[in-house]
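If you're matching them up, the sequences are chains A and B in order. For the first sequence, the working numbering begins at 1 and goes up steadily by one. For the second sequence, the working numbering begins at 158 and goes up steadily by one. C-beta: ideal position from N, C-alpha, C; glycine also. Predicted model, so just to flag it, every value in this text is computed and none were measured. Here the structure is laid out as structure tokens; the discussion comes afterwards.
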Amino acid sequence: MLLDIRGQVTPDDSRQHVVYRFQLDRLTAKIWIRFNYSPKVLEDNERAKSLIIAGIDLYSAPEQKQLLKDAWERYQPLTNLITVSVDDPEGNRGACHRHDPEQLLFLAERDSSPGLTKGKLVAGVWSVTLSLHSIVSEQCSYHLQVWASEEETECIG
Amino acid sequence: MYWLASELHTHTDHSDGKQTLSELAEGAAKLGFECIALTDHNTLSGLDGRENVEREWGLTIIPGMEWTTFYGHMLTLGLQDFVDWRTAELSNIHKGISEVHRKAGLVGLAHPYRIGSPICTGCHWEYEIRNWNDIDYIEVWSGTFPSIKTDNLRAFSLWTDRLNEGYRIAATSGRDWHAQVATEEPVSVTYLGLRADKPQERNQISQDAVDALSHGRSVVTIGPLLTMEVESANSWFGIGDNVPAPSSDPDESIDGYWGHVKTVFSVRQGLWELPEQNFTLKIVGNTGTAAERSVGAADEVYRMNIPEGGLLWARAELWGTVHGVRALIAFTNAIYFNEGRGTE
Chain A
1 MLLDIRGQVT
11 PDDSRQHVVY
21 RFQLDRLTAK
31 IWIRFNYSPK
41 VLEDNERAKS
51 LIIAGIDLYS
61 APEQKQLLKD
71 AWERYQPLTN
81 LITVSVDDPE
91 GNRGACHRHD
101 PEQLLFLAER
111 DSSPGLTKGK
121 LVAGVWSVTL
131 SLHSIVSEQC
141 SYHLQVWASE
151 EETECIG
Chain B
158 MYWLASELHT
168 HTDHSDGKQT
178 LSELAEGAAK
188 LGFECIALTD
198 HNTLSGLDGR
208 ENVEREWGLT
218 IIPGMEWTTF
228 YGHMLTLGLQ
238 DFVDWRTAEL
248 SNIHKGISEV
258 HRKAGLVGLA
268 HPYRIGSPIC
278 TGCHWEYEIR
288 NWNDIDYIEV
298 WSGTFPSIKT
308 DNLRAFSLWT
318 DRLNEGYRIA
328 ATSGRDWHAQ
338 VATEEPVSVT
348 YLGLRADKPQ
358 ERNQISQDAV
368 DALSHGRSVV
378 TIGPLLTMEV
388 ESANSWFGIG
398 DNVPAPSSDP
408 DESIDGYWGH
418 VKTVFSVRQG
428 LWELPEQNFT
438 LKIVGNTGTA
448 AERSVGAADE
458 VYRMNIPEGG
468 LLWARAELWG
478 TVHGVRALIA
488 FTNAIYFNEG
498 RGTE
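Structure representation (structure tokens):
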């Protein structure tokens, strides 16, 4: 296992990137990244309402505010959003900006998960960046695992 | 001038879209688009296999990306090299913009007034813009039936305000197209004005399309193509061009400018419809409405006088009734005038 990290973040951590580096000692056939976070959905309706009302106050046109506030539930549910991006020793290898709270991703020379760039997996310092776009629940836990495989064709269900 | 029907804001399964590039291209081709910009969130990986998809569906794919950051979404167009979106901070967006420009790309504000975090993360533009000359374009129409949406009205006003301040910024539409879902709502098109006849080579079309946008040669519509040329002292100027100040010699008085506004209702035939009506055609600028007349649904050129005096810019607008609502149907980008710029 190249990385096996469990973390916990709060709304104060929103709008930050967290970078995890790992060393690849030699050219590798395949890198797997498993990432999940929980909860995805903010279940606390009162908290959701106050965040939505604050968002409407901050961002909407003055003449629209009351109308939108009256219909605040149309913005439900609020969700946490953490995305993964990857860098190899020579540059960026893409990002997976999607809303799934569980992702199993891979990189290899001839193929990769959508969002990531296929190509040689060279030795050196790599990094996985977690972008905390929005944390709305009081706490959000995540688990990041990275491991290498010598078989490019290896599949994991 | 060849007007290339383009959709400039799209996503695939390489980010949060629910479509492959081929499915997106198929959907675009069926709607009469000749060009799309692939602007996946924070990745360029979706461009892999682009040439095959272009051949398969006979359209051009401009490389792009949507910087999906914490304080705004910024579209980049025309560059295939990665510029790191993760370095963007509230007060330093110009650093990222400069990097995109160094790599010959353009930047545009995406849906700047969409509601922001945590409802739509980073969707509202909050970055400090210290110099609007750095902004190549503003996506003033986002989504379907865009012209009636409050967020877009605000974006349209933002663009107009910048033009009034003397900045030269283009305006575009973008569906922010994530999935092949049928819609009854009007779909907007950004037409990009290619200098010559449509080139054959796709990479050249892509470059020419980016060049067109960088020079403001674009037109936005939910139906007919609307273009304009300005005649001044026997010279003609197109959208995005700069009209020199008229001579101060009273013997060479030009009695205003002549706008030649063309409506083409025969574009993308069968792919859009508007109820039968008389439309209102206007030429609007920093000095207000310069000219206005009623027009029918015809391919026609209308010669309209634009009074001189203090002009900075002018654009054509076509108004009418859409789905029972009085709405802006099409607008050109600006033609710029030197006379309003003083003696700078």
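Within chain A, the residues that residue i reaches when beta carbons sit closer than 7 Å
i         : result
Asp173(B) : His97, Arg98 and His99
Phe302(B) : What Phe302(B) touches in chain A: nothing, since even the nearest Cβ is about 17 Å away.
Asn199(B) : Ser85, Ala95 and His97
His281(B) : Tyr59
Asp293(B) : What Asp293(B) touches in chain A: nothing, since even the nearest Cβ is about 23 Å away.
Asp170(B) : Pro114
Cβ shell of residue i (< 7 Å), same chain only, five flanking positions each side left out
i         : result
Asp13(A)  : Leu132 and Ile135
Gln139(A) : Gln8 and Thr10
Ser149(A) : Ala29, Lys30 and Trp32
Gln145(A) : Met1, Leu3, Asp4 and Arg34
Ile254(B) : Val264 and Asp291
Per-residue contacts from residue i into chain A (C-beta, under 8 Å)
i         : result
Arg243(B) : His17, Ser85, Thr129 and Ser131
Same chain, Cβ closer than 6 Å to residue i, neighbours up to 5 away in sequence not counted
i         : result
Asn435(B) : Ser451
Gly477(B) : Gln434, Phe436 and Ile486
Leu431(B) : Gly380
Glu501(B) : Confidence is the limiting factor: at Glu501(B) the pLDDT is only 48, short of 50, which leaves the residue's position unreliable, though a coordinate-based value still follows. Within the same chain, Glu501(B) has no close Cβ partners at all.
Ala54(A)  : none
Gly467(B) : Thr444 and Gly497
Leu475(B) : Leu383, Phe436, Leu438, Ile486 and Ala487
Trp18(A)  : The residue asked about is misnamed: residue 18(A) is Val in this sequence, not Trp. Here the set comprises Leu130.
Amino acids of chain B, ordered along the chain, whose beta-carbon sits closer than 7 Å to that of residue i
i         : result
Gly7(A)   : The contacting residues do not exist; Gly7(A) stays about 18 Å from chain B at best.
Thr117(A) : Ser202
Leu81(A)  : Thr278
Among the options, nearest to residue i - alpha-carbon criterion
i         : options                                       : result
Glu46(A)  : Leu3(A), Leu78(A), Val128(A) and Leu2(A)      : Leu78(A)
Leu130(A) : Lys65(A), His97(A) and Gly119(A)              : His97(A)
Ser113(A) : Glu138(A), Val86(A), Glu43(A) and Val41(A)    : Val86(A)
His198(B) : Arg212(B), Ser179(B), Pro464(B) and Lys175(B) : Lys175(B)
Leu42(A)  : Arg34(A), Phe35(A) and Ile52(A)               : Ile52(A)
Ala471(B) : Thr489(B), Glu457(B), Phe239(B) and Glu283(B) : Thr489(B)
Leu421(B) : Tyr459(B), Thr444(B) and Asn360(B)            : Strictly speaking, residue 421(B) in this sequence is Val, with Leu absent from that position. That would be Tyr459(B), whose Cα lies nearest to the Cα of Val421(B).
Ile33(A)  : Asp44(A), Leu3(A) and Ile82(A)                : Leu3(A)
Leu383(B) : Ala455(B), Thr225(B) and Arg259(B)            : Ala455(B)
Ala71(A)  : Asp44(A), Val84(A), Ser50(A) and Arg110(A)    : Ser50(A)
Leu58(A)  : Leu234(B), Ile276(B), His258(B) and Arg207(B) : Ile276(B)
Leu310(B) : Gln64(A), Gln16(A) and Ala108(A)              : Gln64(A)
Asn495(B) : Ala402(B), Lys439(B) and Val424(B)            : Ala402(B)
His251(B) : Val367(B), Gln426(B), Ile286(B) and His417(B) : Ile286(B)
His143(A) : Thr83(A), Thr153(A) and Lys120(A)             : Thr83(A)
Thr378(B) : Asn391(B), Thr347(B), Gln361(B) and Glu386(B) : Thr347(B)
Arg212(B) : Asp173(B), Glu223(B), Trp429(B) and Ser179(B) : Ser179(B)
Gly206(B) : Glu191(B), Thr177(B) and Pro269(B)            : Thr177(B)
Leu24(A)  : Asn80(A), Val125(A) and Glu73(A)              : Val125(A)
Glu449(B) : Gly481(B), Gly416(B), Ala336(B) and Leu428(B) : Gly416(B)
Amino acids of chain B, ordered along the chain, whose beta-carbon sits closer than 8 Å to that of residue i
i         : result
Ser134(A) : Ser274, Pro275 and Thr278
Pro89(A)  : Under the 8 Å cutoff, chain B gives no residues; its nearest Cβ is about 15 Å from Pro89(A).
Ile53(A)  : Per Cβ cutoff of 8 Å: no residues; Ile53(A) is ~11 Å from chain B at best.
Asn92(A)  : Phe239 and Asp241
Pro39(A)  : Under the 8 Å cutoff, chain B gives no residues; its nearest Cβ is about 14 Å from Pro39(A).
Chain-order list of residues whose beta-carbon lies under 8 Å from that of residue i (same chain, five-residue window excluded)
i         : result
Ile193(B) : Ser163, Glu164, Leu165, Thr167, Leu181, Ala182, Ala185, Leu216, Thr217, Ile218 and Ile219
Arg259(B) : none
Ser405(B) : none
Lys118(A) : Leu107, Ala108, Glu109, Arg110, Asp111 and Ser112
Short Cβ contact (8 Å threshold) for residue i with residue j
i         : j         : result
Asp502(B) : Ser299(B) : The structure shown does not extend to residue 502(B), since chain B spans only 158 to 501, so no value can be given for it.
Ala491(B) : Leu320(B) : yes
Thr329(B) : Gly265(B) : yes
Gly373(B) : Arg498(B) : no
Ile463(B) : Gly397(B) : no
Thr233(B) : Val257(B) : yes
Asp157(B) : Tyr159(B) : Chain B is shown from 158 up to 501; residue 157(B) falls before or after that span and cannot be answered.
Thr200(B) : Ala108(A) : no
Pro101(A) : Ser38(A)  : yes
Val424(B) : Leu438(B) : no
Gly221(B) : Leu195(B) : yes
Ala261(B) : Met231(B) : no
Tyr493(B) : Asn399(B) : yes
Ser141(A) : Arg6(A)   : yes
Glu283(B) : Leu247(B) : yes
Asp333(B) : His99(A)  : no
Amino acids of chain B, ordered along the chain, whose beta-carbon sits closer than 9 Å to that of residue i
i        : result
Leu78(A) : Pro275 and Ile276
Query raised in the report: Of the residues that make up the region 57-76 of chain A, which ones have a beta carbon closer than 9 Å to any beta carbon in chain B?
Result: Those would be Leu58, Tyr59, Ser60, Ala61, Glu63, Gln64, Leu68 and Tyr75, in chain order.
**Report entry** Where the region 305-326 of chain B meets chain A: residues whose CB sits under 7 Å from a CB there
**Finding:** Residues of the region 305-326 of chain B whose Cβ lies closer than 7 Å to any Cβ of chain A, in chain order: Thr307 and Arg311.
Query - chain A contacts made by the region 200-232 of chain B, where a contact means CB separation under 8 Å - result: Going along the region 200-232 of chain B in chain order, one finds Thr200, Leu201, Ser202, Gly203, Asp205, Thr225, Phe227 and Tyr228 with a Cβ nearer than 8 Å to chain A.
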